[in-house]
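Chemist:
There are 2 protein chains.
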Amino acid sequence: MSIEVKIGATASRSKAFSSEDVNVFASVSTDLNPIHLNEEAAKKTIFKQRVVHGHLVSSLFSGILGCDLPGEGTIFMEQSAKFLAPVFLDQTITATVEIVNIREDKPVITLQVVATNEEGVAVIKGQATVLYPPLNKLKA
Amino acid sequence: MSIEVKIGATASRSKAFSSEDVNVFASVSTDLNPIHLNEEAAKKTIFKQRVVHGHLVSSLFSGILGCDLPGEGTIFMEQSAKFLAPVFLDQTITATVEIVNIREDKPVITLQVVATNEEGVAVIKGQATVLYPPLNKLKA
Chain A
1 MSIEVKIGAT ASRSKAFSSE DVNVFASVST DLNPIHLNEE AAKKTIFKQR
51 VVHGHLVSSL FSGILGCDLP GEGTIFMEQS AKFLAPVFLD QTITATVEIV
101 NIREDKPVIT LQVVATNEEG VAVIKGQATV LYPPLNKLKA
Chain B
141 MSIEVKIGAT ASRSKAFSSE DVNVFASVST DLNPIHLNEE AAKKTIFKQR
191 VVHGHLVSSL FSGILGCDLP GEGTIFMEQS AKFLAPVFLD QTITATVEIV
241 NIREDKPVIT LQVVATNEEG VAVIKGQATV LYPPLNKLKA
């Protein structure tokens, strides 16, 4: 995918996280919190069912930034995220990023990031700042 | 593990991320950025070698918060993270959280989070805010 790097440019990715995805993420992250893994334990929480790790959902942004917009060569500098609503297994989540600032002096880009569920409810909102060295080349 | 939930309380976890961990995370997150996966492509970047996804390293905080401090029942509300230095394969990273605020009116806890490498260099610094419903019980 090749999207022009400019203010207002957007890119999205969608994914439904399976039970297997969550189990695998729990293993590599060491986050074995039963609310994510154990259906019986999760039933006793306010969510009443297993919840996908917020960090796993949020990683969709990392995929967009590193692969789609701004794309290859991107280096993550900063991310903030508010977790607004739970994400359950097999719900399709759409993550979207939008460029809101490009620094004039350095190849540093700020993006608003939002993830929504199938009902259009925002589950994560935040901001990411990335270094995008190819921008130097674009401007040269 | 059971650590008293109070200002100044800390907890840590350490992990070295293997090539397999990074490959698995790439798959579940959809982040197939070659800087993480492809040694030849990574050699051409400023880091000269494969880099662990920042979101994967950052997920250590999720494990600590949900399992150790404040512990089971924790719900993530917000996280900010600055990615200060790259993390390479098989480097042991130690993530530490410290409670810096506990709200009086609600069971909401704010923690400073930091991850350091084997040389003691901070690779991630940030802040997390979590809802910890058991706090209501502690205070009752």
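Chains A and B are the protein sequences, given in the same order.
The opening position of the first sequence corresponds to residue 1 in the numbering used here, with each subsequent residue numbered one higher.
The opening position of the second sequence corresponds to residue 141 in the numbering used here, with each subsequent residue numbered one higher.
Yeah, the Cβ is synthetic: ideal placement off N, Cα and C, and Gly gets one too.
Taking Cβ positions, are I109(A) and I124(A) nearer each other than 8 Å?
Modeler: no
Chemist: At a CB-CB cut-off below 7 Å, which residues of chain A make contact with T170(B)?
Modeler: One finds R13, K15, L60, G63 in chain A with Cβ atoms closer than 7 Å to the Cβ of T170(B), taken in chain order.
Chemist: Write down the C-beta distance between A225(B) and V253(B) rounded to the nearest angstrom, noting that I regard them as a contact closer than 8 Å.
Modeler: That pair is no contact at about 15 Å.
Chemist: Let's see if you can read the secondary structure: which residues bound the beta strand (DSSP E) around S14(A)?
Modeler: 10-16
Chemist: Using a C-beta cutoff of 8 Å, does A128(A) count as contacting chain B?
Modeler: no
Chemist: Any beta-carbon of chain A closer than 8 Å to the one on K222(B)?
Modeler: yes
Chemist: If you scan the region 77-116 of chain A from start to end, which runs of the beta strand (DSSP E) of 3 or more residues do you find wholly inside it?
Modeler: 92-102, 108-116
Chemist: Quick check: is the beta carbon of A280(B) nearer than 8 Å to any beta carbon in chain A?
Modeler: With a pLDDT of only 49 at A280(B), under the threshold of 50, the placement of this residue in the model should not be trusted; the figure read from the coordinates follows. No, A280(B) does not count as interfacial toward chain A.
Chemist: Give the DSSP-derived three-state secondary structure of A280(B) in the structure shown.
Modeler: The predicted model places A280(B) with a pLDDT of 49, which falls under 50 and marks its position as unreliable; any figure quoted below should be read in that light. A280(B) falls in the coil class under three-state DSSP.
Chemist: Just the chain B side, please: which residues come within less than 9 Å of P107(A) by C-beta, in chain order?
Modeler: In chain order: nothing, as chain B lies at least about 12 Å away.
Chemist: What residue does the beta strand (DSSP E) around I124(A) start on, and which one ends it?
Modeler: 122-131
Chemist: Should S2(A) go down as buried or exposed, given a rule of 16 or more other Cβ atoms within 10 Å for buried?
Modeler: exposed
Chemist: May I have the straight-line CA-CA distance separating T150(B) from A16(A), to the nearest angstrom?
Modeler: 34 Å
Chemist: Which stretch, first to last residue, makes up the alpha helix (DSSP H) that contains V164(B)?
Modeler: 159-169
Chemist: To the nearest angstrom, how far is it from the Cα of T170(B) to the Cα of F201(B)?
Modeler: 21 Å
Chemist: Helix, strand or coil: which one does DSSP assign to V51(A)?
Modeler: strand
Chemist: Short check: CB of S198(B) to CB of Q267(B), under 8 Å?
Modeler: no
Chemist: Should K277(B) be labelled buried (16 or more other beta-carbon atoms within 10 Å of its own) or exposed?
Modeler: exposed
Chemist: Could you name the residues that DSSP lists as bridge partners for I75(A)?
Modeler: L131(A)
Chemist: Please list the terminal residues of the continuous alpha helix (DSSP H) segment that includes I175(B).
Modeler: 174-177
Chemist: When DSSP labels each residue in this structure, what does C67(A) get in the three-state scheme?
Modeler: helix
Chemist: Which residue's Cα is closest to the Cα of S27(A): G203(B), I215(B), Q189(B)?
Modeler: Closest by alpha carbon: G203(B).
Chemist: I'd like to know whether the C-beta atoms of T129(A) and E78(A) end up nearer to each other than 8 Å.
Modeler: yes
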